[in-house]
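> Pasting a structure here, questions to come.
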Amino acid sequence: MMMMMMMMMMMMMMMMMMMMMMMMMMMMMMMMMMMMMMMMMMMMMMMMMMMMMMMMMMMMMMMMMMMMMMMMMMMMMMMMMMMMMMMMMMMMMMMMMMMMMMMMMMMMMMMMMMMMMMMMMMMMMMMMMMMMMMMMMMMMMMMMMMMMMMMMMMMMMMMMMMMMMMMMMMMMMMMMMMMMMMMMMMMMMLFSTTRTTSQLNQLS
Numbered sequence: 026m027m028m029m030m031m032m033m034m035m036m037m038m039m040m041m042m043m044m045m046m047m048m049m050m051m052m053m054m055m056m057m058m059m060m061m062m063m064m065m066m067m068m069m070m071m072m073m074m075m076m077m078m079m080m081m082m083m084m085m086m087m088m089m090m091m092m093m094m095m096m097m098m099m100m101m102m103m104m105m106m107m108m109m110m111m112m113m114m115m116m117m118m119m120m121m122m123m124m125m126m127m128m129m130m131m132m133m134m135m136m137m138m139m140m141m142m143m144m145m146m147m148m149m150m151m152m153m154m155m156m157m158m159m160m161m162m163m164m165m166m167m168m169m170m171m172m173m174m175m176m177m178m179m180m181m182m183m184m185m186m187m188m189m190m191m192m193m194m195m196m197m198m199m200m201m202m203m204m205m206m207m208m209m210m211m212m213m214m215l216f217s218t219t220r221t222t223s224q225l226n227q228l229s
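Residues 26 to 229, numbered by the working numbering, are exactly what the sequence shown covers, in order.
See below:
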């Protein structure tokens with residue numbers, strides 16, 4: 026029994042060991058695989074990079090070429106343009122000369138016209154001034170007249186007032202006189218009546 030047990034134990038141990046080993050192996054394998062994969066990836070990346078670089082280079086070259094071509098073309102064009110420009114300039118110069126002449130003539134004419142106009146204007150202005158002066162004079166005269174009139178009126182008024190006053194005074198005087206007369210009369214009457222009565226009394 027013991028033996029059996031031992032055996033069993035041994036077996037178990039063995040099994041365990043085996044298992045362990047297997048596991049280890051597996052692990053190793055996995056690791057290896059991973060490594061390989063990584064390597065592969067790296068390689069691929071490298072390749073890609075290279076390719077890209079190449080492409081870029083190519084592109085650059087192409088671009089350069091294109092640029093060169095363009096430059097050449099541009100140069101040519103420029104030359105052409107220059108030529109054209111020169112021609113044009115010449116033409117323009119000629120034209121300008123002509124124009125200048127014309128302009129001069131025109132200017133002269135204009136100047137003459139202007140002078141004439143100016144003269145006219147001056148005349149007009151003078152006339153206007155004269156007119157204005159006349160107007161002013163007239164106005165002044167009118168004003169003077171008005172003033173005179175006013176003065177006259179005032180004088181008249183004053184006179185009237187004076188007259189009125191005089192009249193009033195006269196009236197007053199008259200009234201006073203009348204009053205006095207009346208008073209006198211009254212007095213007289215009174216006196217007379219009194220006397221008569223007394224006489225009558227006496228007579229009786």
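Glycine residues also receive a C-beta, built at the ideal position from the N, C-alpha and C atoms. In this text, all values refer to a predicted model and were calculated from it rather than measured experimentally.
1. Rounded to the nearest angstrom, what separates M46 and M65 at their Cα positions?
2. Measure the alpha-carbon distance for M63 versus M44 and round it to whole angstroms.
3. What number of angstroms, rounded off, separates the C-alpha of M146 from the C-alpha of M137?
4. Given this structure, state the Cα-to-Cα distance separating N226 from S217, to the nearest angstrom.
5. Quick one: grab the DSSP three-state call for M26.
Taking the coordinates as given:
1. 28 Å
2. 28 Å
3. 14 Å
4. 14 Å
5. coil
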